[in-house]
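Have a look at the structure below, then the notes.
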Amino acid sequence: MDYWQLARQFDWSGTFFKQHQQKLNSPTQPSPLRLLDVACGTGRWLQAFDRYVQLDEAIESIIYDALDPSESAITQVQQKMYHPFRQEKQYNSTIQEAELDPNAYDLLWSMHGFYMVPRQDLESVLQKCAGSLNETGVGFIALATQRSFYVNFYEQYRHIFAEGRGDRFTSAEDIVAALSSCRIEHQVYRIVYEEQIQADDLAAIEHYIKHEATINSFNKDKEHTQLDTSRNIFLEMLLARPRMAKYLKSLYRDSSYYFPQEVWLIAFKPLREKRESHG
1 MDYWQLARQF DWSGTFFKQH QQKLNSPTQP SPLRLLDVAC GTGRWLQAFD RYVQLDEAIE
61 SIIYDALDPS ESAITQVQQK MYHPFRQEKQ YNSTIQEAEL DPNAYDLLWS MHGFYMVPRQ
121 DLESVLQKCA GSLNETGVGF IALATQRSFY VNFYEQYRHI FAEGRGDRFT SAEDIVAALS
181 SCRIEHQVYR IVYEEQIQAD DLAAIEHYIK HEATINSFNK DKEHTQLDTS RNIFLEMLLA
241 RPRMAKYLKS LYRDSSYYFP QEVWLIAFKP LREKRESHG
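FYI, the numbering for the sequence shown is 1 to 279, going by full-length UniProt numbering.
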């Protein structure tokens, strides 16, 4: 559900067309738009983009470079590629380890790909991403906030079941703080919604909690799962703990559970010195 919210609640078509027009007006030879997908996953975002976003027919080709630590994820994205996207470069690595081409991309996006990036790495990673944008490029990072069930549930789980051990998910607030620290110009678009599941559909509730809010579906293939404890999460176990039962009950109304989600789509520009030299 989240990916189609991201696809429908932002003007992607206008953004791509603006980048296309800037490319046409460039003093250098016109070339296709170039996009980097950081933590591309298995292509669920690309599928939502295909379904809900209609790009202008003038955009005949978009070079799509994929980055993900999972080789099988990159293969699956390649299988879901559609016109005008055409896959070229593949980075089979984490964003921390990747050596990105500088000044190369018109567009960069990472849709729910930063949850597992350690907060101490954010500034260097974001500088790397901003440095990979060309002078008129724009980057996008979509991530849930600390108020979102995606992030908040795992915080509750860590404190109730693991006495606070382990690292929390990186949140949208962490991204904004790191961008501000790096003096990278950015803008936040807020997407707020609820996901409803009937209270008597226990299997669906357990699946949602287990697969969306711990090692959620945004975190790719099983071989790269870092939160192995999520495999042992069961609804009965959660409800047996009074604090967790109280937390989940707070999400209940009118015979359903309503899981609140707040996702920030964070747009950022190239490094300031690059834009100043361009100007």
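Built from N, CA and C at the ideal position, the CB exists for glycine as well.
Own chain partners of residue i with C-beta closer than 8 Å, once the 5 adjacent residues on each side are dropped
i	result
Leu251	Phe149, Tyr257, Tyr258, Phe259, Pro260
Ile209	Phe153, Ile233, Leu235, Leu238
Arg168	Val151, Tyr154, Glu155, Arg158
His20	Leu33, Asp56, Ala58, Ile59
Range covered by the beta strand (DSSP E) that runs through residue i
i	result
Ile191	186 to 198
residue 364	Because residue 364 is not part of the residues shown, which for the chain are 1 to 279, the question remains open.
Asp65	62 to 67
Helix, strand or coil at residue i according to DSSP, with G and I counted as helix
i	result
Asn152	helix
Asp37	strand
Gln96	coil
Arg51	helix
Glu57	coil
Val176	helix
Leu202	helix
Extent of the continuous alpha helix (DSSP H) run through residue i
i	result
Gly137	That residue, Gly137, is in no alpha helix (DSSP H); its beta strand (DSSP E) goes 133 to 144.
Gln19	12 to 24
Pro242	242 to 249
Check: residue i C-beta below 7 Å from any heavy atom of the ligand FMN
i	result
Glu123	With respect to the ligand FMN, the structure offers nothing, as it holds no ligand at all.
Beta-carbon proximity list for residue i, same chain, < 7 Å, skipping 5 on both sides
i	result
Gln54	Ser13
Tyr247	Gln156
Ser180	none
Ile160	Arg241, Arg243, Met244
Ser132	Leu36, Leu100, Asp101, Pro102, Ala104, Tyr105, Leu108
CB contact check: residue i to chain D, cutoff 8 Å
i	result
Gln187	Checking the listed chains, one finds no chain D in this structure; it contains a single protein chain.
Cβ neighbours of residue i in the same chain (closer than 6 Å, five flanking residues each side left out)
i	result
Met111	Trp45, Ala142
Tyr115	Phe169, Thr170
Ala203	none
Asn103	Asn134
For residue j and residue i, the rounded distance between their alpha carbons
i	j	result
Leu107	Ala130	10 Å
Asp200	Ile95	41 Å
Glu262	Ser255	22 Å
Quiz item: Given 8 Å as the limit, is there contact between the region 83 to 90 and the region 61 to 75, that is, 3 or more CB pairs closer than that?
Solution: yes
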